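To start, the structure itself, in structure tokens.
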Amino acid sequence: RKALDWKGQIELSINPERARKLRESRMPKDTDVCTMCGEFCSMKGVSAYLKKDSGVGAGQVAKGRTSSS
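Numbering (my numbering), first residue to last: 65 to 133.
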């Protein structure tokens, strides 16, 4: 979920066909977010903040790499 990989999340679900149909029927305007949070997606917000604040992407922070490392 943190990677915002919705196709991957759907494939990992218990019922991928149903999950795919639900995602398609409730598709948010911004396809990078989930249907639960929509524009208030905490994962996307934190990633954008970290990139803006330090020039470090969320993937680098998750792996323990920052501009000071």
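Every residue, glycine too, gets a C-beta built ideally from N, C-alpha and C.
Since the model is a prediction, treat every value here as computed from it, not as a measurement.
Check: Where residue 91 sits in the DSSP three-state scheme; Outcome: coil
Check: Cβ-Cβ separation, residue 70 to residue 90 (assumed contact under 8 Å), whole Å; Outcome: Residue 90 to residue 70, Cβ: 12 Å. No contact.
Check: Unbroken alpha helix (DSSP H) run spanning residue 72, endpoints; Outcome: 70-76
Check: Collapsed DSSP secondary structure at residue 112 in the structure displayed; Outcome: helix
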